[in-house]
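To start, the structure itself, in structure tokens.
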Amino acid sequence: HPHRVHTRDQLVTTVWGYGHVGDGRTVDVHVARLRRKLGAEHRSAIQTVRRVGYKYAPPSGR
């Protein structure tokens, strides 16, 4: 969902399920890895919303 803010808890539940037990930084680490894989051109498409979570902001014209 472009431009919608997703909390870390929402992302953990969606990706790993309700039973996930892990560090609170799990999502942050995976997002950092995803940004690296996307490369410099598309890295900014995943935006951090401080103290909340992340949002996907596709480049203009898409």
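Under our numbering, the very last position in the sequence shown is 59; numbers go up by exactly one each time. Yeah, the Cβ is synthetic: ideal placement off N, Cα and C, and Gly gets one too.
Could you give the first and the last residue of the continuous beta strand (DSSP E) run that contains residue i?
i	result
V18	Neither: V18 is in no beta strand (DSSP E) and is coded neither H nor E.
Closer than 8 Å by C-beta to residue i: which residues in its own chain qualify, once you throw out the five before and the five after it? Chain order, please.
i	result
V9	H17, G19, T23 and V24
V46	V2 and K52
H(-2)	Y53
Does residue i come out as helix, strand or coil in the three-state DSSP assignment?
i	result
V2	strand
V28	helix
By DSSP's criteria, residue i is part of a beta bridge. Which residues make up the other side?
i	result
K34	K34 is not bridged to any residue.
T45	Y51
Looking only at its own chain, which residues have a Cβ that is under 7 Å from the Cβ of residue i, when we skip the five neighbours before and after it?
i	result
W13	none
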